[in-house]
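Here the structure is laid out as structure tokens; the discussion comes afterwards.
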Amino acid sequence: MLFTSAAVAGGIIISYAARPEGLLDSATFTFARAVTYEIMNLYVVKMAAVFMISTSTLAIRTGVTPRWIAFLGYALALFLLLSGRYIEWILLVFPVWVLLISIYILIENLRRPSQIAATNPGLTNFW
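Quick look at the structure:
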């Protein structure tokens, strides 16, 4: 799907380079632009959902994040898989979920004392 979309977009660029004045008003340009948009929009959203499912599964099995974040990932992934292209803000679901996981990991790492400081207390003021 990604290669198909890239090929259609490349065709638009080549056509524009050949005859820029006539392309923007043509039906071919409108069709190719719509096809590229639809393929990329559907492909990106579905692949984000698959990534969320696999990451949530790893989070549950390894315990990297709390279970509620993993289950939220499953719910949002299901929402991404079943929703259509009619919801404009759907593209923001994946980045917000990644931001949530990133903030949790960052906060969790800042709460714990560093491994070096815990084993060698004299090295805390090394830098």
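For the sequence shown, the numbering used here gives the first residue as -11, with consecutive numbering after it.
Beta carbons: idealized from backbone N, C-alpha and C, even for Gly.
Asked, Found
"Are the region 47 to 67 and the region 1 to 19 touching by the rule of at least three beta carbon pairs closer than 8 Å?", "no"
"Kindly give me the distance between the Cβ atoms of Met28 and Ser71, rounded to whole angstroms, as I take these residues to be in contact under 8 Å.", "The pair is not a contact, with the Cβ atoms about 16 Å apart (cut-off 8 Å)."
"Under 6 Å Cβ to Cβ from Phe114, same chain only, skipping five residues before and after it: list those, please.", "Reliability of the predicted coordinates at Phe114 is poor, the pLDDT of 48 falling under 50, and no value is obtained from them."
"Pair every Cβ in the region 57 to 69 with every Cβ in the region 30 to 43, then say whether three or more of these pairs are closer than 8 Å.", "yes"
"Would Ala58 and Ile48 be called neighbours here (beta carbons separated by less than 7 Å)?", "yes"
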